[in-house]
Amino acid sequence: MIELRHLRTLIALRDAGSLVEAAERVHLTQSALSHQIKDLEERLGTGLFVRKTRPVEFTRAGQRLLVLAEQVLPLVRMAERDVARLIGHEPGRLHMAIECHSCFQWLMPTVDRFRDHWPEVEIDIPGGHHFDPLPALAREQLDLVITADPQPLAGVYYEPLFRYEGLLAVARQHRLADRHSVPPQELAEETLITYPVEHARLDVFTQFLDPAGVRPREVRTAELTIMMMQLVASGRGVCALPNWALTEYLERDYVKAVSLGEGGMWSTLYAAIREESRDQPWMEDFLRTARETSFAVLEGIRPA
18 MIELRHLRTL IALRDAGSLV EAAERVHLTQ SALSHQIKDL EERLGTGLFV RKTRPVEFTR
78 AGQRLLVLAE QVLPLVRMAE RDVARLIGHE PGRLHMAIEC HSCFQWLMPT VDRFRDHWPE
138 VEIDIPGGHH FDPLPALARE QLDLVITADP QPLAGVYYEP LFRYEGLLAV ARQHRLADRH
198 SVPPQELAEE TLITYPVEHA RLDVFTQFLD PAGVRPREVR TAELTIMMMQ LVASGRGVCA
258 LPNWALTEYL ERDYVKAVSL GEGGMWSTLY AAIREESRDQ PWMEDFLRTA RETSFAVLEG
318 IRPA
């Protein structure tokens, strides 16, 4: 009567807080997800959650099934991992590079969770490499690259992880601090603080400034997010960062955040892997763990 897909749907509904976002997480249309839940409620003869509440308010029956889901789904996933080992898959290697300075906030918990279940997989995040990660992936020097800038390369597959909004961080007393959004022209007189990477790899240039033909008055770089925040808070510039990277600074009222453009500047983060790795059980599990961990620890992201 109760199927695994029902349990996964209820967990997604609880975590997402709405039918629309839950449907995105389980890759269904909203109508298909609603039909699935209605079908389960008819089988059980009771409602599982209160409609038109946000976040979703579960009934006692719904809460009981959530407890079941939390007990059963981890066991199923563990069994899937064990079966993959039993049928003789070779231990894997996961050497990765990160083209996202603020990704460690969700990547390191992902790696920790993954190690617990796949201790035989060799994991390394080599530092100080002086080569372009994506071609190195194609050459088998790397096995996975976290990137927001997919390039067409033979044999390379891009798995979308999540979507995020890039926000402009400004000092609390900055002239733009009370604005909801800013057009590109507002940055023409600003000092823009960025990570020390090529402008062609920064969304604030490729998606926001370049299309409008705008250049900031000055560009200065900082290696670490906290250094960028200190410069912004002291009024020495502004910077564009993913929404999740700004969360703790916004909560402490250290800086203010403004949307870039009326609709915001949204990007997708990908895990780039080689085509032949897609069917490896440990790679599938790493990507699923990365997605689950991201939604557990980051705020303001959306399903890709």
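FYI, the numbering for the sequence shown is 18 to 321, going by our numbering.
Cβ coordinates follow ideal geometry from the N, Cα and C atoms, glycine included.
Note that this is a predicted model, so its numbers are computed, not measured.
Looking at the secondary structure, which residues open and close the alpha helix (DSSP H) in which residue i lies?
i, result
"Tyr266", "Asn260 to Glu268"
"Leu50", "Gln47 to Leu61"
"Ala29", "Leu21 to Ala33"
"Pro298", "Pro298 to Val314"
Starting from the C-beta of residue i, find all residues in its chain whose C-beta is less than 7 angstroms away, skip the five residues before and the five after it, and write them out in chain order.
i, result
"Met18", "Arg60"
"Thr306", "Thr127, Arg130 and Phe131"
"Pro259", "Ser119, Tyr181 and Gly183"
"Gly34", "Arg71, Pro72 and Val73"
"Trp261", "Gln122, Tyr181, Leu315, Glu316, Gly317 and Ile318"
Taking the alpha carbon of residue i as the point to measure from, which residue in the options has its own alpha carbon closest?
i, options, result
"Ala321", "Ile210, Thr285 and His23", "Thr285"
"Asp299", "Ala274, Pro143 and Met95", "The question names Asp, but residue 299 is Trp in the sequence shown. When only C-alpha atoms are compared, the closest one is Met95."
"Val255", "Val221, Glu279 and Glu268", "Val221"
"Glu157", "Glu240, Thr76, Gly109 and Leu185", "Gly109"
"Met245", "Gly252, Ile210 and Glu235", "Ile210"
"Ile163", "Thr26, Leu151 and Val275", "Leu151"
"Thr76", "Gln88, Thr63 and Lys69", "Thr63"
"Ala257", "Ile28, Val73, Thr208 and Asp195", "Thr208"
"Asp195", "Asp32, Pro136, Leu111 and Ser276", "Ser276"
"Cys117", "Arg291, Leu241 and Gly281", "Leu241"
"Met282", "Ala165, Ala239, Glu235 and Arg291", "Ala165"
"Tyr212", "Gly317, Leu248, Glu203 and Arg234", "Leu248"
"Pro136", "Ile318, Val314 and Asp302", "Asp302"
"Leu65", "Leu82, Leu50 and Gly230", "Leu82"
"Gly79", "His52, Leu30, Val93 and His44", "Leu30"
"Leu21", "Asp149, Ile54, Asp32 and Thr46", "Ile54"
From what residue to what residue does the beta strand (DSSP E) around residue i run?
i, result
"Leu286", "Met282 to Arg291"
"Ser276", "Lys273 to Leu277"
Considering only residues of the same chain and omitting the five flanking positions on each side of residue i, which have a CB-CB separation below 8 angstroms?
i, result
"Arg308", "Leu178 and Phe179"
"Gly278", "Ser198, Val199, Pro200, Pro201 and Phe225"
"His191", "Gly252, Val255 and Lys273"
"Glu292", "Gly172, Val173 and Tyr174"
"Ala205", "Val231, Arg232, Pro233 and Arg234"
Looking only at its chain, what residues have a beta carbon closer than 6 angstroms to the beta carbon of residue i, apart from the 5 residues adjacent to it on each side?
i, result
"Tyr175", "Pro167, Tyr287 and Ala289"
"Arg98", "His134"
"His146", "Caution applies to His146, whose pLDDT of 49 falls short of 50 and renders its modelled position unreliable; the model cannot decide the point."
"Asp141", "His112"
Per DSSP, which one or two residues make a beta bridge with residue i?
i, result
"Ser251", "DSSP, once it has assigned bridges, lists no residue as partnering Ser251."
"Val236", "Leu209"
"Glu74", "Val67"
"Arg42", "Paired residue(s): none; Arg42 is not in a bridge."
"Arg319", "Arg180"
"Leu185", "Ala257 and Val275"
"Val199", "Leu277"
So does residue i have its beta carbon nearer than 7 angstroms to some heavy atom of the ligand COA?
i, result
"Ala289", "Within the structure as shown, the ligand COA is missing, as the structure has no ligands at all."
At what residue ranges does the segment 97 to 182 contain a whole run of the beta strand (DSSP E), taking only runs of 3 or more?
Correct list: 110 to 115, 139 to 141 and 161 to 164.
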